[in-house]
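Worksheet: the structure to be examined is printed underneath.
Number of protein chains: 4
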Amino acid sequence: MSKKGLKIATIGGGSSYTPELVEGFIKRYDSLPISELWLLDIPEGEEKLTIVGNLAKRMVEEAGVPMTIHLTLDREKALQDADFVTTQFRVGLLDARAKDERIPLKYDVIGQETNGPGGLFKGLRTIPVILDIIKDMERLCPHAWLINFTNPAGMVTEAIYRHSNWRKVVGLCNVPVGIKMGVAKALDVEADRIHVDFAGLNHMVYGMDVYLDGKCVTEDVINKITSGDSSMTMKNIVDIGWEPGFLKALNMLPCPYHRYYYKTSDMLAEEKKNAAEEGTRAEVVQQLEKELFELYKDETLRTKPEQLEKRGGAYYSDAACNLIDSIYNDRGDIQPVNTLNKGAIGSIPDDSAVEVNCIITKDGPKPLAVGDLPVSVRGLVQQIKSFERIAAEAAVSGDYDQALLAMTINPLVSSDTTAKLILDEMLEAHKEYLPQFQ
Amino acid sequence: MSKKGLKIATIGGGSSYTPELVEGFIKRYDSLPISELWLLDIPEGEEKLTIVGNLAKRMVEEAGVPMTIHLTLDREKALQDADFVTTQFRVGLLDARAKDERIPLKYDVIGQETNGPGGLFKGLRTIPVILDIIKDMERLCPHAWLINFTNPAGMVTEAIYRHSNWRKVVGLCNVPVGIKMGVAKALDVEADRIHVDFAGLNHMVYGMDVYLDGKCVTEDVINKITSGDSSMTMKNIVDIGWEPGFLKALNMLPCPYHRYYYKTSDMLAEEKKNAAEEGTRAEVVQQLEKELFELYKDETLRTKPEQLEKRGGAYYSDAACNLIDSIYNDRGDIQPVNTLNKGAIGSIPDDSAVEVNCIITKDGPKPLAVGDLPVSVRGLVQQIKSFERIAAEAAVSGDYDQALLAMTINPLVSSDTTAKLILDEMLEAHKEYLPQFQ
Amino acid sequence: MSKKGLKIATIGGGSSYTPELVEGFIKRYDSLPISELWLLDIPEGEEKLTIVGNLAKRMVEEAGVPMTIHLTLDREKALQDADFVTTQFRVGLLDARAKDERIPLKYDVIGQETNGPGGLFKGLRTIPVILDIIKDMERLCPHAWLINFTNPAGMVTEAIYRHSNWRKVVGLCNVPVGIKMGVAKALDVEADRIHVDFAGLNHMVYGMDVYLDGKCVTEDVINKITSGDSSMTMKNIVDIGWEPGFLKALNMLPCPYHRYYYKTSDMLAEEKKNAAEEGTRAEVVQQLEKELFELYKDETLRTKPEQLEKRGGAYYSDAACNLIDSIYNDRGDIQPVNTLNKGAIGSIPDDSAVEVNCIITKDGPKPLAVGDLPVSVRGLVQQIKSFERIAAEAAVSGDYDQALLAMTINPLVSSDTTAKLILDEMLEAHKEYLPQFQ
Amino acid sequence: MSKKGLKIATIGGGSSYTPELVEGFIKRYDSLPISELWLLDIPEGEEKLTIVGNLAKRMVEEAGVPMTIHLTLDREKALQDADFVTTQFRVGLLDARAKDERIPLKYDVIGQETNGPGGLFKGLRTIPVILDIIKDMERLCPHAWLINFTNPAGMVTEAIYRHSNWRKVVGLCNVPVGIKMGVAKALDVEADRIHVDFAGLNHMVYGMDVYLDGKCVTEDVINKITSGDSSMTMKNIVDIGWEPGFLKALNMLPCPYHRYYYKTSDMLAEEKKNAAEEGTRAEVVQQLEKELFELYKDETLRTKPEQLEKRGGAYYSDAACNLIDSIYNDRGDIQPVNTLNKGAIGSIPDDSAVEVNCIITKDGPKPLAVGDLPVSVRGLVQQIKSFERIAAEAAVSGDYDQALLAMTINPLVSSDTTAKLILDEMLEAHKEYLPQFQ
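Protein chains in written order, with the UniProt record's numbering: chain S, 1 to 438; chain R, 1 to 438; chain E, 1 to 438; chain X, 1 to 438.
Dropping the structure here:
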């Protein structure tokens, strides 16, 4: 990597999350000497890019670190000789997400950003863009690491492994760190005394075992959860408690998104109620974002505002900055990321993406061996992996029948007929972002 | 095997299906010289045993074959030195099945004999009985083959592999032969010109490829099905058509039971309507059986009555008799049966039961290698296998939490909370047949 | 396939084996109506082609079957619209084989046609030719089946799977049928009462279990072999008895070629003695062939001469004709052939060639599932598979280091240094047939 | 673990290596507060135990750490409530090793402590003793970790996994750390800048990739080795250079013991020469040990003498102490150890022992996922694993045929006949330590 300091390119730099990331880089400047941070966005996002980029400049100035912030709409310039490329964009913006959430509900099917029909369509819109970015990276920064936050991160990472030759990619999610924080809170201890063995897929990850100071406390934590002392959910997911007997027999920590699969009818009822009363999550977030950007405009604001925490992406910045720092410094610490399976999880193909604890080195993440997943979850995890693979194929080929197959085999979709109705309505609704299906 | 001719013991001999079986044995007498057929039942079934047993005697007499029919309530006598033991019993009779069908419907969940909560409870009632029969077989007829028709045949076979040391068992189902017959009809050719590569699990088997005179015609058959020229279902399953695009992308023949998984909401709506209008399938069958036994009583009846065909077990007799004949005569022909995987299907553990094409030899079935199942179905099949394994464990242990886990991970059950409600109501409803849960 | 009758193209048609093949086709004419048999050879083989081809014409005439024999040096014409292509050629003829046998002996290493350094070099010479033939087949007869007798058949089949897209190929060997015949002789019964479960690789195949009339008699057969009542070897392999205790613990039938691996030092001693006294096998065969071609010239000879049996290829014709017949007629019988593993043998990659019992259909061979090989042989079989794969890579790439790696990991080669010496001498000796290494 | 400080029991405490271990414990006292070190030996070893034990006491005294050294012949007392049990015993002492080395040489087969016939017999003598120790541990210190140095460490660890229920075991070897040190020397850098991805089996481990400061330098290191700048061997293994082309194609670092497999004939020639001239390694070591114990007797000696380094067990103490320290302190650092595979290496059963990089935690080692081994070594590694498994079975059962099978499939043994001759002579020579074979 460059002697003069690191160059980072952030695609979707106009995101409201950017101050999180900038704060993270500032805090770690000593070990992670970033000299250039390029915030890239598309013309439609220029206004937001300018607002958030100016805040970023003020933050850097305030902190007194020699990091230059570049704002640009030119992908070539942003990517040229980058050491790390991070992605946090949203094709179609929150309007598209709102459709992903609203349309399935009409058919009594979960409408969600990364799961079910919504996750499928977010993938169909995003994957071609990511593959296009990778083509540029092959040319402009072939030694860079791609740190992908863009959702659905599992499906996107799968698509990169299956449909490109790029291997320097890590998919990142804040769900595992959220679980770890939840455990620490439930046990009322410092988070750094907790270790969780994570394994599964993105948004379908299990805490296989939990350790406190190296001692296994899985059962205690499950008891805390089932006794109602701890809820372990996230900002964007309704908090409904688990059946104690089910969780005891499962004997692992589910992630918050598992509620969509193990509590489908309950979650659907909640979703419908919320959509009617306060709007879908996208609609709530749209309002939040509006307020955030108002704040960001304030030229006296020179640090990350507290209100950003409501946005739901807690720990994203920490996850990303820690990952980049560990790769750059060859730290060899353990982090749960999305990477190539390589046999780590027995029930999933070696050449698929998984979310699993890895040693983070300069050579990238090296997964810890998990062995076969417990019998109880092997099927569901494989089913979501199948969904991701077929969805990625449909995203690349634009094949209608493949998209229908992906939609039908998704466990949240209740029939092939319903799948077709939702597919047709969503293809129409999102058609400007789905040229491959024309 | 015995020089004097074969001894067959049929457990649940008072079943209305028995005349099918007897007819099959009579037809094959030359190659399969059965000298003794023991029909065994429990005291509660004595009346039906007498009626159907007497019909069996008249059939044998009419055919002029030297086969002795024995009616007994004594398991020891029936099993002693048997060459083949067939099972076709139903713990709790059709009343229990009616509950399996009715109770889940209250919770908007499919109520079905072998799938979902109904299948789970049929397994919980049946598995301990089968394992008990096996203990007797180990003592009384250690060289016999157990031919299991008792449903849920996949879960029962799995339980035998996992919870006993008995390996001379074959699980049998009429679904594959039904599919083959349906294909022949769809293509308007003789059935013996059709070959189907079957693979999957019991009641979750796929026709991976179809051949007419050795030439692959899978696509043609799928076109016939999706164009509405062929429905390919069974007596006990509502006939709802498949989405053409879904089936084309799937590129395999689903089995009729797949409707419960790929058309869940449609099937549920139909089921609820039927249950309200004409009763559940068990209730319809109860009426049919009453009429059949009236017929059977007629002493002038000396052959299998035509009305038996309505009962829904078409081809069961053929499947069973062909299997026994091929084992006895070491025929080496191909039949789809439930047997130990041994690596035949890549996505399922080697030591689990699968339904797959096998060569049938005196040494039992030898599965043909399938390789990995297509990505699109790998998850669902694994999920049902997980369900079967955990259900079998719960059946043996009587552990409430395991039963709840099995119920919750079943794809037809919509949430852990609903699972608990159904579980509790069904445990209560079936408690006299579930001593292990007391 | 063609209405007018089948067209077969035999590459290496001038081989002394051809009369075997012709006899086999004549005998099966009723079920396998071959109208054209094209015998193809290279200019250097024209004389032998003419001699053997004319004998073939006389045989067909004598038999009175309407099969036309074509002799040609033009590959295009031979392959055009062929239904089956059989290969039985030998790049470099018996002279090359003599070198394969002689050179390693100088370094105290087994010199053998298909094993060790000799097998490696036969592969290096043959694989590029086969891949070239396949390129022509893709153009001239894309629906034909390639029936490969050319040795080393395992390595050649592996090379086709790894380095071409052609999948309609079956590798064929007479070793399994030889074992079956040996068992029949040992037990003094008709061969058709014997069934052997074969699994492994070409020239490294095991009889996992043996059945007489469907009853397992493996132990009896092993006792016969170890008691010296049966030797179970082949014309071209020295007959040295097995250690009884070893074979009992192995509990499978080794193939004759296994002697090179389990009796390396004994076989080497024998080989060296034989090479000194009577010449290597190639040299013996050269003499035999000379005599055979003298016989073939005799215009009064109108049937296959008995003397051909000494040549060592017993059952090759039967194996080939039965295979072609079963494919053409979709017979569904069981034959041991070299085909794609597809998970049939657990210890070998799904996409590698294995030798295993298959159902033979119009759609080609479908392997029976074997599961994992016994622990005792899993390593050796995998090692030979590794050797075959790396050898195939070296054959295609002409990479010296890859060839050295293949040679060194072969279990018959005693060190990397020896490997290099043999490699260098053999590369020089065979250089005219190894253009890829120039 | 005990509040008062740790208790360590060292079985074979009279070994000449003990001062290494004691030095290691003293150095780490601050982080690894051992209060009691129990040195256990058998009556035949009492004299050596007293000598080395007294040296240990002087060392502790000199260092001024509050660690009590106990010398005992009573296994119960030593094991009672131990936190860690280390084993470093040698059944039959160096006399037995000398036979393991001498006898095979008579038959032109490698005679070596842990490989070939010698390794087999060391396993046959050792495994029953280890399994007996484990029975005591189950009773006396069920929470202890067993740190096994006793060779053949791979076979012993395999035997524990296959023939006991004890899972808190780690097999330890100094080979990986030796390779790492060799690499550091070859590159002339500090060892802590080097990281090696180790995978394979004990004494059959490969350096899959080498990193300097996190950058992959495998090719450079291979070039150093093949250019003769670095030899990378160990005290007890003759240093013969590798063929450059072979190593380049292999593209991994072999371990010193690989010479026995890839340079068999060269190593055999060297061994025979050395045995004739200076005695086998055991005989050399016997002399060394005599000198060492003379030194140890010197009451003025109060630290580990330098001469111990000639003994050949370099880094053993570091490997052991670092492992114990990391388990006790839940360090999560990476160490190469022998542990349960759990899918880490794709080509080896999940329930076998492998030598692989692991994260070391209070919960024991957690292996990093390797995926499938490269094709080139998959076979050899599997073959040694098969050898280890069958040898372990023979060690437990005392079955002659199983022992013969193990011997015959070992790649260093040249034929089943030779195997039998060696087996018979060694069974006789070692009979007092092989009661299971009587």
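The beta carbon of each residue, even a glycine, is placed where N, CA and C say it ideally should be.
Inter-residue spacing [alpha-carbon to alpha-carbon] between residue i and residue j
i                      : j                      : result
residue 263 of chain R : residue 349 of chain R : 27 Å
residue 215 of chain S : residue 153 of chain S : 32 Å
residue 145 of chain S : residue 96 of chain S  : 28 Å
residue 391 of chain R : residue 54 of chain S  : 59 Å
residue 335 of chain E : residue 193 of chain E : 15 Å
residue 170 of chain S : residue 83 of chain S  : 14 Å
residue 131 of chain R : residue 225 of chain S : 37 Å
residue 98 of chain S  : residue 288 of chain S : 14 Å
Cβ-Cβ separation, residue j to residue i (assumed contact under 8 Å), whole Å
i                      : j                      : result
residue 51 of chain S  : residue 34 of chain S  : Contact flag wrong, Cβ pair sits at about 21 Å.
residue 17 of chain X  : residue 316 of chain X : 6 Å
residue 292 of chain R : residue 311 of chain R : 7 Å
residue 109 of chain R : residue 422 of chain R : 6 Å
residue 352 of chain E : residue 304 of chain E : Contact flag wrong, Cβ pair sits at about 36 Å.
Exposure label - residue i; buried when at least 16 CB within 10 Å
i                      : result
residue 158 of chain E : buried
residue 118 of chain S : buried
residue 113 of chain X : buried
residue 227 of chain E : exposed
residue 139 of chain R : exposed
residue 307 of chain R : exposed
residue 31 of chain R  : exposed
residue 438 of chain X : exposed
residue 135 of chain E : exposed
residue 143 of chain E : exposed
residue 388 of chain S : buried
Distance CB(residue i)-CB(residue j) smaller than 7 Å
i                      : j                      : result
residue 343 of chain X : residue 343 of chain S : yes
residue 356 of chain E : residue 367 of chain E : yes
residue 205 of chain E : residue 221 of chain E : no
residue 266 of chain S : residue 376 of chain R : no
residue 89 of chain E  : residue 150 of chain E : yes
residue 394 of chain R : residue 172 of chain R : no
residue 14 of chain R  : residue 433 of chain R : no
residue 362 of chain E : residue 325 of chain E : no
residue 60 of chain E  : residue 201 of chain E : no
residue 39 of chain R  : residue 141 of chain R : no
### Message
Quick test of the definition: if touching needs 3 or more C-beta pairs under 8 Å, does the stretch 97 to 104 of chain R touch the stretch 161 to 170 of chain R?
### Response
With a cut-off of 8 Å, the stretch 161 to 170 of chain R and the stretch 97 to 104 of chain R do not count as touching, because too few Cβ pairs lie within range.
### Three CB pairs or more closer than 8 Å across the stretch 241 to 248 of chain S and the stretch 396 to 406 of chain R
Short answer: they touch.
### Query
Does the stretch 120 to 130 of chain X come close enough to the stretch 68 to 79 of chain X that 3 or more CB-CB pairs lie under 8 Å?
The stretch 68 to 79 of chain X, when compared against the stretch 120 to 130 of chain X, does not touch it at the 8 Å Cβ threshold.
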